[in-house]
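Q: Take a look at this one; I'll ask things after.
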Amino acid sequence: MTATIEVGNGSVPSSSDAFIAQRIMIKLPNGADWIEIGTLEAGWRPPQTPELYTYVPFDGPGFNYHGALANGSLITVRIESSCPSSCIWTAKVYQSGAWVTLRSNTFGTAAQYVEALTEVNTGNPCVIHPALASTPDAYVSWSGTKVKNSSSVWNHWLAASVPSTEVLPLWPYAVTYSTKYTDWKSTRAGPTTC
């Protein structure tokens, strides 16, 4: 899976559990093993600094951080697998004209679920995240989301050609598609408080 993500200004309060993450993830059917890559601005990290990150549960620290990102920049990330016997899953970022491997992990199977997700936590379900609260038009943007088919060809993730299950966002957030599921944005869906 590959996608281009616009790095938003999360305005996450420091010294908090609040965060905003934009990530792609490959998850195995057991639900316990996965690898993800994306952008994260978190209250437990340097103040109001979006970062490139990878995460694999049960693998050392879990989170690995790979440098600060500028607000408004575009970053293209990918997760690929190689399955000669057991499967090696690799998280990559496109930098300076080439794919750079940031993290690899070995899982026992090629079967997987894929997700492209904007994940938001304010610590209070009645308070909208600051990144999406300033105006109704504030958004977190995704583009060029692709998945690889059985012939190892990268295709845009289109609703008509890729079997998909959509999990609708909870109030007060919404998803607006330009092309389902290739180009989309996360936005505010209502008032900023309950």
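Counting in the numbering used here, the sequence shown runs without a single skipped number right up to 211 at its last residue. By construction, the Cβ of each residue, glycine as well, lies at the ideal position given by its N, Cα and C atoms.
(1) For Phe80, does the three-state DSSP call read helix, strand or coil?
(2) Flag this pair as yes or no: are the beta carbons of Glu68 and Ala85 separated by less than 8 Å?
(3) Tell me the residue span of the beta strand (DSSP E) that contains Ser99.
(4) So what's Leu86 in DSSP terms, helix, strand or just coil?
(5) Using alpha carbons as the reference points, say which of Ser121, Thr21, Glu136, Val137 lies closest to Val73.
(6) Which stretch, first to last residue, makes up the beta strand (DSSP E) that contains Ala59?
(7) Work out the CA separation of Ala38 and Val29 for me, nearest whole Å.
(8) Excluding the 5 residues flanking Ala59 on each side, which residues of the same chain have their C-beta closer than 7 Å to its C-beta?
(9) Out of curiosity, what's the CA-to-CA distance linking Asp34 and Ile43?
(10) Would a C-beta distance cut-off of 8 Å place Gly125 and Ser99 closer than the cut-off?
A: The short version:
(1) Here residue 80 refers to the residue found at position 63 of the sequence shown. Of the three classes helix, strand and coil, the one that applies to Phe80 here is strand, per DSSP.
(2) Taking the sequence shown and counting its residues from 1, one reaches residue 68 at position 51. Taking the sequence shown and counting its residues from 1, one reaches residue 85 at position 68. Closer than 8 Å, so yes.
(3) The residue you call residue 99 lines up with position 82 of the sequence shown. Where Ser99 is concerned, the enclosing beta strand (DSSP E) stretches over 91 to 99.
(4) The residue given as residue 86 occupies position 69 in the sequence shown. Correct three-state label for Leu86: coil.
(5) Position 56 of the sequence shown, counted from the start, is the residue given in the question as residue 73. When each option's Cα is compared against that of Val73, the closest is Ser121.
(6) The residue given as residue 59 occupies position 42 in the sequence shown. Where Ala59 is concerned, the enclosing beta strand (DSSP E) stretches over 51 to 59.
(7) Indexing the sequence shown from 1 puts residue 29 at position 12. Indexing the sequence shown from 1 puts residue 38 at position 21. So the alpha carbons of these two residues sit roughly 11 Å apart.
(8) Here the question's residue 59 lines up with position 42 in the sequence shown. Excluding sequence neighbours, Ala59 sits near Val29, Phe36.
(9) The count along the sequence shown starts at 1 and reaches residue 34 at position 17. The count along the sequence shown starts at 1 and reaches residue 43 at position 26. Approximately 24 Å between the Cα atoms of the pair.
(10) Counting from one through the sequence shown, the residue named residue 125 turns up at place 108. Counting from one through the sequence shown, the residue named residue 99 turns up at place 82. Their beta carbons are not under 8 Å apart, which means Gly125 does not touch Ser99 by this criterion.
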